[in-house]
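**Q** Sharing a structure with you now.
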Amino acid sequence: MSWSRLPFLKLVLPYICGVLIAYSIDSRVELSLLYLSVFFLLAFAFSLQFVRKGSFSIRPSLFAISIFSLLIIMGYARYLNEIDASSAKMDFGEKERLSLVEIKEELKGSNKYRKYFANAYYSIGPDTSTKRFKLLINLEKSSNSELAFLPGDIILLRSTIKRVPKAANPAQFDYSKYLRSKGVYHQSTSSEYKLLDSSNSILRVAVKIRRSLLLKFEKSGISSSSLTILKAILLGDKSGLEKGVKDDFAKAGAMHILAVSGLHLGIVYLIFSQFFQLFPTRRFPFVKSVLLIMILWSFALITGLSTSVQRSALMFSLLELSVVFSRKNSSLNSVAASAFILLLIDPNTLFDPAFQLSYSAVIGIILLYPPIFNLIRRENKWANKLIALMVVSFAAQLATLPFSILFFHQFPNYFLLTNLLVIPLSFLIVTLGLLSAILLLIFNWSFYMDLLLDQLIYLLEYLVHMVAELPNSTLSPIWVNEWTIVLLAAFILLLSLYIISRRSRYFTSALITALAMLLVETIISYQRLNEDQLTVYSFYNLNCISYREGNKAIVFHSDSLSTYERKIVMDHLSSNRVDLMDIEFICQRIDPKNSACLVFKVGRNTLLIDQYLEELVPSQYDIIITNPKSMDQLMEKLNESTIVLYYSFSDHLDFSNAFNLRNGAFVFNFE
0 MSWSRLPFLK
10 LVLPYICGVL
20 IAYSIDSRVE
30 LSLLYLSVFF
40 LLAFAFSLQF
50 VRKGSFSIRP
60 SLFAISIFSL
70 LIIMGYARYL
80 NEIDASSAKM
90 DFGEKERLSL
100 VEIKEELKGS
110 NKYRKYFANA
120 YYSIGPDTST
130 KRFKLLINLE
140 KSSNSELAFL
150 PGDIILLRST
160 IKRVPKAANP
170 AQFDYSKYLR
180 SKGVYHQSTS
190 SEYKLLDSSN
200 SILRVAVKIR
210 RSLLLKFEKS
220 GISSSSLTIL
230 KAILLGDKSG
240 LEKGVKDDFA
250 KAGAMHILAV
260 SGLHLGIVYL
270 IFSQFFQLFP
280 TRRFPFVKSV
290 LLIMILWSFA
300 LITGLSTSVQ
310 RSALMFSLLE
320 LSVVFSRKNS
330 SLNSVAASAF
340 ILLLIDPNTL
350 FDPAFQLSYS
360 AVIGIILLYP
370 PIFNLIRREN
380 KWANKLIALM
390 VVSFAAQLAT
400 LPFSILFFHQ
410 FPNYFLLTNL
420 LVIPLSFLIV
430 TLGLLSAILL
440 LIFNWSFYMD
450 LLLDQLIYLL
460 EYLVHMVAEL
470 PNSTLSPIWV
480 NEWTIVLLAA
490 FILLLSLYII
500 SRRSRYFTSA
510 LITALAMLLV
520 ETIISYQRLN
530 EDQLTVYSFY
540 NLNCISYREG
550 NKAIVFHSDS
560 LSTYERKIVM
570 DHLSSNRVDL
580 MDIEFICQRI
590 DPKNSACLVF
600 KVGRNTLLID
610 QYLEELVPSQ
620 YDIIITNPKS
630 MDQLMEKLNE
640 STIVLYYSFS
650 DHLDFSNAFN
660 LRNGAFVFNF
670 E
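Using numbering that gives the first Met the number 0, the first residue of the sequence shown is number 0, and each one after it goes up by one.
Spelled out as structure tokens, the structure:
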């Protein structure tokens with residue numbers, strides 16, 4: 000593939016470098032200085048175009064360097080500008096305030112709350128703010144608000160706006176980091192709110208159509224279990240999925256089926272592009288492309304116009320337009336163009352896991368599918384279709400492997416078998432689902448399509464469950480160092496370049512990268528093997544301590560751990576190379592009425608746990624976990640070297656070795 004045919008790839012790569020630099024470093028450059036640099040670089044690059052080609056030999060190099068530097072600075076400045084425009088630096092204090100917000104997107108809620116992304120415009124009161132920012136709001140359900148709000152609804156609510164807290168425990172999923180990729184830094188919870196006004200928008204129309212279809216499907220002949228899966232596959236609504244179903248799809252490597260994204264848009268694109276082949280569109284290819292793009296965005300509209308759907312629709316739209324306007328179409332250039340547009344709009348999108356997974360999968364398929372398929376293709380047409388399906392699945396799985404390990408810490412061993420079974424079924428389900436949706440909207444009857452859909456979805460669920468129940472269906476948990484992830488990505492890239500070009504230097508470089516990966520993991524494993532570590536977890540109203548000696552650990556807890564809390568502890572110990580079989584959980588109850596205490600010998604240190612510490616403790620303990628009634632009285636009796644851990648809503652404690660567990664877990668490495 001010629002580099003000259005990839006102009007957008009040459010634009011997006013340095014731009015991404017600039018965004019990553021701004022994200023990584025702490026020091027900040029004034030935006031005015033950055034924009035001045037952009038102006039001078041642009042002027043310099045433009046002036047080079049008026050210099051005669053024979054004037055000096057380095058003219059092309061100077062032009063390339065100036066454009067490359069310009070894009071890096073653009074990415075850097077765009078990210079900083081987005082941060083400055085957000086609420087990242089805003090502090091709203093602890094006071095309740097009246098806020099005016101506009102609903103932008105409904106999220107998956109709970110039995111008690113409805114959850115939304117919203118734009119907060121200003122606050123009413125002494126601390127009035129006129130700056131618009133994105134906000135995550137949790138609205139308590141009541142008898143007066145059975146129906147969810149729609150995009151464009153203007154709501155007045157009373158609440159305290161707080162920063163989204165970081166993950167309190169090591170190896171715990173950091174929801175605040177995920178929200179930062181959406182440009183959201185604050186949240187509020189309210190039980191007092193009132194709808195003031197509504198404004199029409201395409202998003203509002205999309206949600207109305209989606210809700211209408213959901214109601215029509217609910218009244219059809221589809222069983223309740225099949226309906227939850229259909230809503231996820233066709234409309235992107237995963238709120239009704241049971242945990243067991245999601246676990247089966249994850250173990251089988253079929254979670255992409257449940258998320259409306261590139262696969263589903265690709266099916267829609269394929270269905271209608273083949274349909275238009277029945278008509279004489281060669282004379283008017285632009286008409287066919289416009290119709291295809293309209294259908295893609297109509298499907299995106301029906302599914303709720305989620306971020307991942309918009310991204311996929313843009314990608315396929317650019318691919319279709321490139322077919323019309325370029326005889327030598329480059330799919331990779333179209334994908335790079337869509338990424339460049341999205342990152343120009345919001346550079347935070349780069350850090351969205353869905354963005355990383357979808358683009359790596361598409362790029363992997365574009366680059367790896369042709370050479371691998373041509374290598375193993377056969378004469379038989381049906382055999383080639385089967386091989387093509389396997390190659391597409393392999394290419395996508397290989398390209399997304401670093402991100403899958405980084406985000407999910409597992410690998411589905413039977414992903415090839417799963418995709419051979421579920422992708423053809425998914426094609427049928429999406430096709431019949433679209434046809435049923437059209438019929439339901441027009442005639443309010445699906446002409447028995449719903450019964451056929453019910454059986455196909457039942458078969459899909461059965462096959463996925465069958466694969467998930469196979470022995471060793473999932474390799475998990477996989478916890479590796481971030482540098483290992485980077486080296487793994489480099490290894491896959493070099494291996495892909497070798498498959499494409501057959502140049503031995505890429506294969507040699509891939510082997511060197513693999514050895515570097517092995518070396519990094521060996522060094523880290525050796526370090527963990529020689530560590531003794533104490534961790535006191537940040538769980539509300541629950542004492543939980545783990546003590547790790549090398550690759551073995553013991554966990555003490557004062558009450559029964561929930562499934563979620565136990566997973567946090569196991570994930571943390573697994574990330575430190577502890578085998579799950581070597582983790583021992585011991586429950587030690589503390590009776591607060593009798594102020595009974597527990598004393599542990601941890602290495603050369605003595606650890607005391609006492610809920611209230613009514614009797615003042617001598618200073619012979621090295622670590623104390625408590626929530627005494629009188630902190631000041633306790634501080635007077637303690638040694639300065641004693642570490643005090645407590646859980647309180649008051650952050651201030653006048654003691655150098657005091658740590659509030661409410662702010663996060665306490666991790667201590669023994670020498």
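For every residue, glycine included, the Cβ atom is placed at its ideal position computed from N, Cα and C.
I'd like the span of the alpha helix (DSSP H) that includes Tyr563, first residue to last.
**A** Residue mapping note: residue 563 aligns to position 564 of the sequence shown, counting from 1. That run of the alpha helix (DSSP H) goes 562–574.
**Q** In whole angstroms, what separates the C-alpha of Met465 from that of Asn471?
**A** Stepping through the sequence shown from its first residue, residue 465 is reached at position 466. Stepping through the sequence shown from its first residue, residue 471 is reached at position 472. Distance between the alpha carbons of Met465 and Asn471 is about 12 Å.
**Q** Taking Ser640 and Asn659 to be in contact with their CB atoms under 8 Å, please state how far apart those CB atoms are, rounded to whole angstroms.
**A** Taking the first residue of the sequence shown as 1, we reach residue 640 at position 641. Taking the first residue of the sequence shown as 1, we reach residue 659 at position 660. With a Cβ gap of about 19 Å, Ser640 and Asn659 do not count as contacting.
**Q** Assess contact between the stretch 90–99 and the stretch 153–168, defined as three or more Cβ pairs (one per stretch) separated by less than 8 Å. Is contact present?
**A** Counting Cβ pairs under 8 Å, three or more are found: they touch.
**Q** Runs of 3 residues minimum, wholly inside the stretch 513–568: which ones carry the beta strand (DSSP E) assignment?
**A** As far as the stretch 513–568 is concerned, its whole beta strand (DSSP E) runs of at least 3 residues are 531–535, 543–548, 551–556.
**Q** Am I right that Val334 and Ser288 are in contact with their C-beta atoms under 8 Å? What's the rounded C-beta distance?
**A** To locate residue 334, count along the sequence shown from 1; it is residue 335. To locate residue 288, count along the sequence shown from 1; it is residue 289. With 8 Å as the limit, Val334 and Ser288 do not qualify as a contact, their Cβ atoms being about 17 Å apart.
**Q** Please list, in chain order, all residues of the same chain as Ile364 whose beta carbon is under 8 Å from its beta carbon, the five residues on each side excluded.
**A** Against the sequence shown, residue 364 aligns to sequence position 365. Cβ neighbours of Ile364 beyond the five flanking positions: Val391, Ala394, Ala395, Ala398.
**Q** CA-CA distance, Ile82 and Gly182?
**A** As a first step, residue 82 must be located in the sequence shown, where it is residue number 83. As a first step, residue 182 must be located in the sequence shown, where it is residue number 183. For Ile82 and Gly182, the distance between alpha carbons rounds to 8 Å.
**Q** Per DSSP, what are the beta-bridge partners of Asn659 in this structure?
**A** Numbered from its first residue, the sequence shown carries residue 659 at position 660. Per DSSP, Tyr645.
**Q** Counting only the same chain and skipping the five closest in sequence on each side, list residues whose C-beta sits under 8 Å from that of Trp482.
**A** Counting from 1 along the sequence shown, the entry for residue 482 is found at position 483. Hits under 8 Å: Val519.
**Q** Going by beta-carbon coordinates alone, are Asn115 and Glu104 separated by less than 8 Å?
**A** The count along the sequence shown starts at 1 and reaches residue 115 at position 116. The count along the sequence shown starts at 1 and reaches residue 104 at position 105. One point to set straight first is that residue 115 is Tyr, not Asn, in the sequence displayed. Contact flag set, yes.
**Q** From Val666 to Ile477, what distance separates their C-alpha atoms?
**A** Position 667 of the sequence shown holds residue 666. Position 478 of the sequence shown holds residue 477. Approximately 22 Å, taken between the alpha carbons.
**Q** Could you check how far apart the C-beta atoms of Tyr184 and Ser86 are, in whole angstroms? I think they sit under 8 Å.
**A** For the purposes of this step, residue 184 is taken as residue 185 along the sequence shown, with counting starting at 1. For the purposes of this step, residue 86 is taken as residue 87 along the sequence shown, with counting starting at 1. Sure, about 5 Å apart at Cβ, within 8 Å.
**Q** Which residue from Tyr120, Lys245, Phe407, Leu606 puts its Cα closest to that of Ser475?
**A** Stepping through the sequence shown from its first residue, residue 475 is reached at position 476. Among Tyr120, Lys245, Phe407, Leu606, the Cα nearest to that of Ser475 is on Phe407.
**Q** Report yes if the CB atom of Ala418 is closer than 8 Å to the CB atom of Leu388, and no otherwise.
**A** To locate residue 418, count along the sequence shown from 1; it is residue 419. To locate residue 388, count along the sequence shown from 1; it is residue 389. Reading off the sequence, residue 418 comes out as Asn, not Ala. Taking 8 Å as the Cβ cut-off, Asn418 and Leu388 qualify as a contacting pair.
**Q** Could you pull the start and end residues of the beta strand (DSSP E) that Phe665 belongs to?
**A** For this step, residue 665 is matched to residue 666 along the sequence shown. 665–669 is the extent of the beta strand (DSSP E) around Phe665.
**Q** Checking 8 Å against the spacing of the C-beta atoms, do Asp581 and Lys551 come in under that value?
**A** On the sequence shown, residue 581 is found 582 positions in, with the first residue counted as 1. On the sequence shown, residue 551 is found 552 positions in, with the first residue counted as 1. Taking 8 Å as the Cβ cut-off, Asp581 and Lys551 qualify as a contacting pair.
**Q** Check whether the stretch 205–219 touches the stretch 166–178, taking contact to mean three or more Cβ pairs, one atom from each stretch, closer than 8 Å.
**A** Taking 8 Å as the limit for Cβ pairs, the verdict is that the stretch 166–178 does not touch the stretch 205–219.
**Q** Under 8 Å, do Asp558 and Leu572 count as touching if we go by C-beta distance?
**A** For the purposes of this step, residue 558 is identified with residue 559 of the sequence shown, where counting begins at 1. For the purposes of this step, residue 572 is identified with residue 573 of the sequence shown, where counting begins at 1. Contact flag unset, no.
**Q** Hey, could you find the ends of the alpha helix (DSSP H) Lys230 is sitting in?
**A** Numbered from its first residue, the sequence shown carries residue 230 at position 231. From DSSP, the alpha helix (DSSP H) with Lys230 extends over 223–234.
**Q** If we count the other Cβ atoms within 10 Å of its Cβ and call it buried at 16 or more, is Gly243 buried or exposed?
**A** Residue 243 sits at position 244 when you count from the first residue of the sequence shown. Classification for Gly243: exposed.
**Q** Just checking my contact of Ala18 with Leu349 at CB under 8 Å: how many whole Å lie between their CB atoms?
**A** Indexing the sequence shown from 1 puts residue 18 at position 19. Indexing the sequence shown from 1 puts residue 349 at position 350. Note on identity: in this sequence residue 18 is Val, with Ala being the wrong assignment. At roughly 6 Å, the Cβ-Cβ gap stays under 8 Å, so Val18 and Leu349 are in contact.
**Q** Suppose only complete runs of 3+ residues qualify. What are the beta strand (DSSP E) ranges in the stretch 116–194, listed by chain order?
**A** Whole beta strand (DSSP E) segments, 3+ residues: 132–139, 152–158, 160–162, 185–189.
**Q** Excluding the 5 residues flanking Gln454 on each side, which residues of the same chain have their C-beta closer than 8 Å to its C-beta?
**A** Residue numbering aside, residue 454 sits at position 455 when the sequence shown is read from its first letter. Same-chain partners within the cutoff: there are none.
**Q** With distances taken from CA atoms, which of Leu560, Ala515, Ile270, Phe278 is nearest Leu433?
**A** Numbered from its first residue, the sequence shown carries residue 433 at position 434. If we check each option's Cα against that of Leu433, Ile270 comes out closest.
**Q** Classify Cys586: buried if its beta carbon has 16 or more other beta carbons within 10 angstroms, exposed otherwise.
**A** For the purposes of this step, residue 586 is taken as the residue at position 587 of the sequence shown. The residue is exposed, with fewer than 16 neighbouring Cβ atoms inside 10 Å.
**Q** What is the DSSP secondary structure of Arg113, reduced to helix, strand or coil?
**A** Along the sequence shown, one-based indexing puts residue 113 at 114. Reduced to three states, the DSSP call for Arg113 is strand.
**Q** Would the stretch 339–358 count as touching the stretch 66–80 if we require 3 or more Cβ pairs under 8 Å?
**A** With the cut-off at 8 Å, the stretch 339–358 and the stretch 66–80 touch.
**Q** Expressed to the nearest angstrom, what Euclidean distance is found between the alpha-carbon atoms of Asp578 and Ile567?
**A** Here residue 578 corresponds to residue number 579 of the sequence shown, with the count starting at 1. Here residue 567 corresponds to residue number 568 of the sequence shown, with the count starting at 1. Spanning the two alpha carbons is a distance of roughly 15 Å.
**Q** Using 8 Å as the threshold, is the stretch 365–381 in touch with the stretch 424–441, meaning 3 or more CB pairs across them?
**A** Contact between the stretch 365–381 and the stretch 424–441 is absent, because fewer than three Cβ pairs lie under 8 Å.
**Q** Report the rounded CA-to-CA distance for Ser223 versus Ile456, giving the unit in angstroms.
**A** By 1-based counting over the sequence shown, the position of residue 223 is 224. By 1-based counting over the sequence shown, the position of residue 456 is 457. Each residue's alpha carbon lies about 11 Å from the other.
**Q** Since I believe Pro150 is in contact with Ile102 (beta carbons under 8 Å), could you give me their beta-carbon distance rounded to a whole number of angstroms?
**A** Here residue 102 refers to the residue found at position 103 when the sequence shown is read from its first residue. Here residue 150 refers to the residue found at position 151 when the sequence shown is read from its first residue. Indeed they touch by this definition, with Cβ atoms about 5 Å apart.
**Q** Would you kindly work out how many angstroms separate the C-alpha atoms of Val463 and Gln619, rounded to a whole number?
**A** Within the sequence shown, residue 463 is the residue found at index 464, counting from 1. Within the sequence shown, residue 619 is the residue found at index 620, counting from 1. C-alpha separation (whole angstroms): 58 Å.
**Q** Quick one: grab the DSSP three-state call for Asp449.
**A** Position 450 of the sequence shown, counted from the first residue, corresponds to residue 449. Helix, per DSSP.
**Q** Quick check on Lys287: does DSSP put it in helix, strand or coil?
**A** For the purposes of this step, residue 287 is taken as the residue at position 288 of the sequence shown. Helix.
**Q** Considering only DSSP beta bridges, list what Ile622 is partnered with.
**A** Position 623 of the sequence shown, counting from 1, holds the residue named residue 622. Leu606, Ile642, per the DSSP bridge assignment.
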